[in-house]
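Data block below; observations after.
Protein chains: 2
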Amino acid sequence: MKLLTVDKVSEARRKLKECCGALMPGNESIGLADAAGRILASDIFSKENIPPYRRSIMDGYAVRTADVGAAGDMIPSMLKVSGEVILGFDSTGISVDPGCCVYVPTGGYVPDGADAVVMVEYCEPFGNGMLAVSKSASPGENVVQVGEDIAEGDLLLPKGRKLRPQDIGVLAAAGVSSVPVVIPWKVTVISTGDELVSPDETPGPGRIRDINTYTIAARSASEGFSIVRMISVKDDEDAIERALETAKADSDVVVMSGGSSQGKKDMSADLIGKAADSGIITHGIAAKPGKPTITAYDSASNTMFIGLPGHPAAALMVYEQLLIHLWHDFTGCDDDITVKARVNTNIPAAPGRMTFQLVRLISGEDETEAVPVFARSGMISPMSSSDGYFVMSENTEGIRPGDRVTVYLWR
Amino acid sequence: MKLLTVDKVSEARRKLKECCGALMPGNESIGLADAAGRILASDIFSKENIPPYRRSIMDGYAVRTADVGAAGDMIPSMLKVSGEVILGFDSTGISVDPGCCVYVPTGGYVPDGADAVVMVEYCEPFGNGMLAVSKSASPGENVVQVGEDIAEGDLLLPKGRKLRPQDIGVLAAAGVSSVPVVIPWKVTVISTGDELVSPDETPGPGRIRDINTYTIAARSASEGFSIVRMISVKDDEDAIERALETAKADSDVVVMSGGSSQGKKDMSADLIGKAADSGIITHGIAAKPGKPTITAYDSASNTMFIGLPGHPAAALMVYEQLLIHLWHDFTGCDDDITVKARVNTNIPAAPGRMTFQLVRLISGEDETEAVPVFARSGMISPMSSSDGYFVMSENTEGIRPGDRVTVYLWR
Chain V
15 MKLLTVDKVS EARRKLKECC GALMPGNESI GLADAAGRIL ASDIFSKENI
65 PPYRRSIMDG YAVRTADVGA AGDMIPSMLK VSGEVILGFD STGISVDPGC
115 CVYVPTGGYV PDGADAVVMV EYCEPFGNGM LAVSKSASPG ENVVQVGEDI
165 AEGDLLLPKG RKLRPQDIGV LAAAGVSSVP VVIPWKVTVI STGDELVSPD
215 ETPGPGRIRD INTYTIAARS ASEGFSIVRM ISVKDDEDAI ERALETAKAD
265 SDVVVMSGGS SQGKKDMSAD LIGKAADSGI ITHGIAAKPG KPTITAYDSA
315 SNTMFIGLPG HPAAALMVYE QLLIHLWHDF TGCDDDITVK ARVNTNIPAA
365 PGRMTFQLVR LISGEDETEA VPVFARSGMI SPMSSSDGYF VMSENTEGIR
415 PGDRVTVYLW R
Chain P
15 MKLLTVDKVS EARRKLKECC GALMPGNESI GLADAAGRIL ASDIFSKENI
65 PPYRRSIMDG YAVRTADVGA AGDMIPSMLK VSGEVILGFD STGISVDPGC
115 CVYVPTGGYV PDGADAVVMV EYCEPFGNGM LAVSKSASPG ENVVQVGEDI
165 AEGDLLLPKG RKLRPQDIGV LAAAGVSSVP VVIPWKVTVI STGDELVSPD
215 ETPGPGRIRD INTYTIAARS ASEGFSIVRM ISVKDDEDAI ERALETAKAD
265 SDVVVMSGGS SQGKKDMSAD LIGKAADSGI ITHGIAAKPG KPTITAYDSA
315 SNTMFIGLPG HPAAALMVYE QLLIHLWHDF TGCDDDITVK ARVNTNIPAA
365 PGRMTFQLVR LISGEDETEA VPVFARSGMI SPMSSSDGYF VMSENTEGIR
415 PGDRVTVYLW R
């Protein structure tokens, strides 16, 4: 049995990033209607002022405030209605002269000369084209100034933003009809093991259903990666070698999860080492769960390999901590959602290892409480019954009642 | 100008649900590989025990604990190696007799007779098929019992769960290869207005780019709805009527956002009222932002209509509070992510109206702080620069420094 020289998680991340720099994702341009959920590849600045003209936020009359300074319920100001702004039509020729006012609908152009809009509720037509205004106005009232929403040159959205509906709205408002977004990694997911059967089969004695192919593929897809293929391969060196070679040809990332027994782990490491011309980067990480982890890089095909632990919970956690972490690092898209929560029990850390503790969250009066979900090795249900996890670093002894932790929510 | 009899938000929700009960989504069966992100239409129970046999969590030797009760570094127990469990092969015939042990790899079957597994690290082959075991074991050590992960009859996943990668894993483990999921609503998004131009055009005087079509379609898609079409229509009664009639024929939900001026709001209400045989349900809600909102139902085509405010931020918020809320109610999928946060300023509520206050979140030492983002009417950038919002109910006067609020994060 080989003794593993394990890397700390931070060390494994650093080496992986250094070796796989060429996997920094490329960019493509995409139209706004298809851009939601994609990650911006660069900062987007506004080329325009929004609004491009002074805009009324009410149905009302554009006035000169000096003309309505004394207006009130008892003694209204009388103004001449000299025009009307109609949405969708050019109103730039209209202006408001002293003693005059112009009707402006919500969203409409506030004509030159006017410096406020008085709501229709305070205005009464008085016949002969005159209007009684029963309320004074302060300069700028009910008027959005040019560029007040977005000014020319403003940063609209930062590189790394995963575009949400309202981000699409901001881009639409500023006339950005296509944006540069990162091209997702292409991922092959391989599970190996003579004991694996597909989920729709009933496993005979000694058999077990393939879980990792499904969870890892689903997690990849939820991150936006494209799945080239997901396959299950027997413990046959030639078959695994062929699968790795095929995957190198058309994938950026090859994720392999083998068995958890030592013999199988050795075989996985050997085969990944053979497929990767730059060899193994990390063999074993100081993480709980997640120790039996392999990373490697093939420079000829520009492919990253990750050999995951066989246990489903460990496999998903390592995938999160290494591969998704690197993707966030490369793209600048850190869309982890974290919640501060209080822990009310003792939770020991694994000495010298980064420990990932599953928790459920309970909403308390003033604070959120994190309740540990303990999982024995190889169990899958705790992943599904937990809301997320927190991290205890290598130097921590553990958590004491009353400590507050940062919980990463499952996505 | 019509005076609106506005509904409280809770009242608008109740009436909408009551009138649109026939829009309760149907179910379809979907394979596991495509199920991530879909919403379960019913509780899923396990038909099996996981693991189906006693499983070792280590590479080691299955033993009878009575045989190794006195084992230690100095005086190991000597056991006869009577067999080996190989992953993927039927080992159910193997058993461990007194004085004997059987090699079991991680994940392997623990044979009858044995009641614990001792890690290989504590076992030394001694020649002649004998093994020196230098550590005692307690019953059940390193053994996962039958059904310990998931027991037959256990609730695997509840109705309404939006399936995450680890949920897919649990289903795979339990042999559930397809699941009933809800069929997403089919949505048509219509923006109306002579002043609207598409995002790739430069708006001339009095024109403005269409924002709502894009934000509402993106929000619909992020909720999983299918977008039948997204169109922009001029302020032409016939054109809008035709658009509504077409949409009725193939959509479950028709979302229309018109202008924000009173004249346009009246026209929207009239046309929606004409298209919906059950008439207008709600005309105006006591919400800030979001007052000019219309809901209606057409029973002949089983179509819901929502007329949204013209202002983009108000439109998105109303869509969230009425339509997405009803979808969560119908499906049981409440996947809102909320964070408790402390507010350090005074924030007034709008009297008699449910107020939605945009905030940015700042991570403090022990607590998260919510900083208000104030938006003037019609502005779009505050939606994008905020992390979410909190709600002040109709009866609240507002928030005082030190108050804690529940922040709904944007999705």
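Same order as they appear, the protein sequences are chains V and P.
Residue numbering for the first sequence follows this note's numbering, beginning at 15 and increasing consecutively.
Residue numbering for the second sequence follows this note's numbering, beginning at 15 and increasing consecutively.
We put the beta carbon where it would ideally sit given N, CA and C, even for glycine.
- For the region 71-87 of chain P, the set of residues with a beta-carbon nearer than 9 Å to any beta-carbon of chain V comprises Ile-71, Met-72 and Asp-73, in chain order.
- Nearest to Ile-241 (chain P) by alpha-carbon distance, out of P:Val-247, P:Ala-231 and P:Asp-249, is P:Ala-231.
- In the DSSP annotation of this structure, the continuous segment of the beta strand (DSSP E) that includes Thr-202 (chain P) starts and ends at 200-206.
- For Glu-408 (chain P) and Glu-381 (chain P), the gap between their C-alpha atoms comes out near 27 Å.
- Judged by DSSP in its simplified three-state form, Phe-103 (chain V) adopts coil rather than helix or strand.
- Pairing Tyr-228 (chain P) with Pro-217 (chain P) gives a Cβ-Cβ distance that is not under 8 Å.
- In the DSSP assignment, Tyr-228 (chain V) falls within the unbroken alpha helix (DSSP H) covering 226-236.
- A residue is called buried once 16 or more other Cβ atoms fall within 10 Å of its Cβ, and Met-270 (chain V) is buried on that count.
- Annotated as distal: Gly-238 (chain P) and Gly-45 (chain P), with beta-carbon spacing of 8 Å or more.
- Listed in chain order, the positions of the region 19-30 of chain V with a beta carbon within less than 9 Å of a beta carbon of chain P would be empty, since no residue qualifies.
- Here the alpha carbon of Pro-303 (chain P) sits roughly 19 Å from the alpha carbon of Val-134 (chain V).
- Inside the region 334-394 of chain V, DSSP marks whole beta strand (DSSP E) runs of 3 or more residues at positions 352-357, 368-377 and 382-386, from first to last along the chain.
- Near chain P, meaning a CB-to-CB distance below 7 Å, the residues of the region 97-109 of chain V are Leu-101, Gly-102, Phe-103, Asp-104, Ser-105 and Thr-106.
- Exclusion of the five residues before and after Tyr-75 (chain P) leaves Leu-93, Val-95, Cys-115, Val-116, Tyr-117, Val-118, Val-131, Val-132, Val-134, Cys-137, Leu-145 and Val-147 as the residues of its chain whose Cβ lies within less than 8 Å of its Cβ.
- Within chain V, the residues placing a beta-carbon under 9 Å from that of Arg-69 (chain P) are Ile-222 and Gly-392, ordered along the chain.
- For Met-331 (chain P), same chain residues with a beta-carbon under 8 Å away, outside a window of 5 residues either side, are Ala-301, Pro-303, Gly-304, Phe-370 and Tyr-403 in chain order.
- Between the alpha carbons of Ala-257 (chain V) and Val-196 (chain V) lies a distance of about 27 Å.
- Secondary structure in the region 244-291 of chain V: the beta strand (DSSP E) runs of 3 residues or longer, each lying completely within the stretch, are 267-271 in chain order.
- In the DSSP assignment, no residue is bridged to Leu-170 (chain V).
- Using a Cβ distance threshold of 8 Å, Ser-60 (chain P) and Glu-162 (chain P) do not count as a contacting pair.
- If you draw a 10 Å sphere on the C-beta of Arg-367 (chain P), you find 16 or more other C-beta atoms in it, and that means buried.
- Secondary structure note for Ile-44 (chain V): its beta strand (DSSP E) is the uninterrupted segment 41-45.
- For Pro-119 (chain P), the C-beta contacts it makes with chain V under 9 Å involve Gly-273, Ser-274, Ser-275, Gln-276, Gly-277 and Lys-278, in order along the chain.
- When the five nearest sequence neighbours on each side are left out, the beta carbons in the same chain lying within less than 7 Å of the beta carbon of Ile-254 (chain P) are those of Thr-206, Val-247 and Leu-285, in order along the chain.
- In the DSSP assignment, Ala-329 (chain V) falls within the alpha helix (DSSP H) that extends over 326-332.
- Per DSSP, the unbroken beta strand (DSSP E) holding Leu-145 (chain P) starts and ends at 144-147.
- For Asp-350 (chain P), no CB of chain V lies under 8 Å from its own CB, so it is not counted at the interface with that chain.
- Beta-carbon to beta-carbon, Thr-309 (chain V) and Ile-295 (chain V) are separated by about 4 Å, close enough to satisfy the 8 Å threshold.
- Inclusion of Val-160 (chain V) and Pro-90 (chain V) in the CB contact set at 8 Å is not warranted, their separation being larger than that value.
- At a C-beta separation below 7 Å, Leu-46 (chain P) has these neighbours in chain V: Pro-213 and Tyr-228.
- The DSSP-derived three-state label of Thr-79 (chain V) is helix.
- A Cβ of chain P is located within less than 8 Å of the beta carbon of Ser-236 (chain V).
- For the pair Pro-415 (chain V) and Ala-327 (chain V), the Cα-to-Cα distance works out to about 26 Å.
- Secondary structure at Pro-396 (chain V): helix, using DSSP grouped into helix, strand and coil.
- Assignment of Arg-425 (chain V) by DSSP, reduced to helix, strand and coil, places it in the coil class.
- For the set V:Lys-288, V:Gly-298 and V:Val-267, the Cα lying nearest the Cα of Ser-274 (chain V) is the one of V:Gly-298.
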